[in-house]
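Numbering (this note's numbering), first residue to last: 2 to 432.
Virtual Cβ for every residue (Gly too), placed ideally from N, Cα, C.
Please read the structure below before turning to the comments.
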């Protein structure tokens with residue numbers, strides 16, 4: 002049998018082993034995959050919860066929320082404090098008096114200010130929830146990038162090992178006279194190229210590790226969790242997208258901002274109404290008792306505060322338009338991220354069914370074919386490079402799958418729902 006025929010038969014056998022190995026792997030690992038995915042998801046939830054509690058960004062959000070709560074409490078306090086006045090006068094007639102006065106919130110400014118602060122607190126809570134979900138989504142993508150970089154680095158190191166073995170065997174075959182100079186140089190260059198590419202993947206892993214450390218903060222000191230092979234057991238939301246997005250923290254924030262702007266209009270209108278001041282004064286004028294009741298009312302003549310009301314109305318219109326823009330943006334991002342995830346998931350599923358196989362088995366088979374003379378050095382390098390690149394492409398595809406899933410979770414506002422975590426900021430915003 003000629004070498005070309007044997008080469009074709011060998012490649013045909015290699016292609017046949019792929020689906021057989023895939024079927025065996027799917028049957029053997031199906032049950033284990035489901036249980037391990039649940040455990041990995043639990044570890045992932047614990048890790049993200051820890052980061053959200055201890056990271057600098059999370060602490061900054063917590064401080065911002067405390068400030069918003071304090072502003073809400075301050076707005077609910079009375080506007081005016083009483084005033085105490087003491088007066089003493091020594092002339093021909095000695096006069097001593099004490100007085101107490103109190104400005105009266107006649108137009109309900111306190112209630113309007115309290116309502117505005119309440120809506121601002123809801124908006125701040127929703128914005129904090131958006132930031133927390135964004136941080137959780139970034140953590141998912143950073144973990145995906147780190148996992149992909151780690152696997153690619155391992156694959157590059159495996160390539161260095163294989164090319165090193167290949168170069169060593171090439172030395173032996175060259176010494177025995179079974180390999181010409183051109184093929185020997187090709188083997189040496191392939192080994193050198195593998196080392197150069199390994200250095201690049203090692204640097205990429207370092208960058209991914211630093212990016213994850215920045216996001217994780219203090220939680221980065223512990224071991225980072227690994228992501229499941231793919232988002233197992235998760236169904237995309239099939240409900241009406243509008244219904245889903247109306248519980249999104251960003252939508253809640255924009256709606257609360259509109260209500261806060263509307264309350265600001267009412268507050269400015271009430272501030273244009275004067276608050277009277279009622280006072281009571283008692284004392285003595287020599288031996289005579291002195292009692293006085295006073296009433297003073299500011300005269301809003303020179304400034305009627307109409308410009309402030311006009312400004313508040315303009316800000317209300319601005320908030321309404323921004324809410325509409327935000328809704329369109331939310332809807333667009335959710336739809337795009339959903340389609341991207343479904344497309345990536347379809348490609349990943351196709352790879353798992355048809356392309357996934359053991360790297361060690363394929364490289365070992367190629368090595369045996371080359372040593373037996375069934376493959377030329379050039380054919381061996383081409384086939385090995387294609388095998389390694391396919392494995393690398395699968396690693397990249399898995400990383401893109403998780404990034405697409407994280408984008409969908411953030412776009413749909415379901416990050417914490419998927420992780421099984423409770424977000425108190427969202428609860429405040431929904432109240």
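Which residues in the same chain as residue i place their Cβ atom closer than 6 Å to its Cβ, once the five residues preceding and following it in sequence are excluded?
i           : result
residue 226 : 44, 45, 48
residue 282 : 98, 100, 293
residue 260 : 120
residue 421 : 46
residue 309 : 269
residue 385 : 367
residue 417 : 424
residue 415 : none
residue 274 : 108
residue 167 : 188
residue 86  : 100
residue 175 : 185
residue 405 : 341, 342, 345
residue 88  : 98
Within the continuous alpha helix (DSSP H) that includes residue i, where are the two ends?
i           : result
residue 292 : Here residue 292 belongs to no alpha helix (DSSP H); instead the beta strand (DSSP E) covers 289-297.
residue 150 : 110-176
residue 200 : 182-217
residue 268 : 250-272
residue 321 : 307-351
residue 385 : 378-413
residue 71  : 57-76
Can the beta-carbon of residue i be found closer than 7 Å to that of residue j?
i           : j           : result
residue 115 : residue 278 : no
residue 213 : residue 169 : no
residue 228 : residue 144 : yes
residue 391 : residue 363 : no
residue 395 : residue 142 : no
residue 366 : residue 381 : no
residue 157 : residue 196 : no
residue 202 : residue 153 : yes
residue 80  : residue 58  : no
residue 257 : residue 76  : no
residue 104 : residue 276 : yes
residue 231 : residue 327 : no
residue 342 : residue 409 : yes
residue 262 : residue 317 : yes
residue 118 : residue 78  : no
residue 94  : residue 287 : yes
residue 345 : residue 401 : yes
residue 191 : residue 165 : no
residue 284 : residue 291 : yes
Is there at least one Cβ from chain D nearer than 7 Å to residue i's Cβ?
i           : result
residue 197 : Within the model displayed, chain D is absent; a lone protein chain is all it includes.
How should residue i be labelled, buried or exposed, when 16 other C-beta atoms within 10 angstroms of its C-beta is the threshold for buried?
i           : result
residue 68  : exposed
residue 419 : buried
residue 264 : buried
residue 272 : buried
residue 107 : exposed
residue 312 : exposed
residue 9   : Low confidence applies here, because residue 9 scores a pLDDT of 36, under 50, leaving its location unreliable; read the following figure in that light. So residue 9 counts as exposed.
residue 90  : exposed
residue 374 : exposed
residue 30  : With a pLDDT of only 44 at residue 30, under 50, the local geometry of the prediction cannot be trusted, and the value read off the model is given with reservation. Classification of residue 30: exposed, given that the 10 Å Cβ count is below 16.
residue 42  : buried
residue 351 : exposed
residue 149 : buried
residue 128 : buried
If you follow the beta strand (DSSP E) that residue i is part of, which residue opens it and which one closes it?
i           : result
residue 84  : 84-90
residue 103 : 96-104
residue 245 : Segment 242-246 is the alpha helix (DSSP H) holding residue 245; no beta strand (DSSP E) there.
residue 416 : Per DSSP, residue 416 belongs to no beta strand (DSSP E); it is in the alpha helix (DSSP H), 416-420.
residue 282 : 278-286
By Cβ distance below 7 Å, which residues in the same chain neighbour residue i in space, the five residues on each side in sequence not counted?
i           : result
residue 1   : Any property of residue 1 remains undetermined from this structure, which presents the chain solely from 2 to 432.
residue 335 : 242, 246, 412, 413
residue 161 : 195, 196, 199
residue 393 : 153, 156
residue 151 : 206
residue 40  : none
Could you pull out every residue in the same chain whose Cβ sits closer than 8 Å to the Cβ of residue i, ignoring the five residues on either side in sequence?
i           : result
residue 184 : 171, 377, 378, 379
residue 132 : 58, 62
residue 331 : 246, 249, 251, 252, 412
residue 74  : none
residue 70  : 122
residue 347 : none
Q | At least 3 beta-carbon pairs within less than 8 Å: the segment 49-58 vs the segment 132-140 | A | yes
Q) Given 8 Å as the limit, is there contact between the segment 199-218 and the segment 292-306, that is, 3 or more CB pairs closer than that? A) no
(Q) Quick check: the segment 316-328 against the segment 205-212, are at least 3 beta-carbon pairs closer than 8 Å? (A) no
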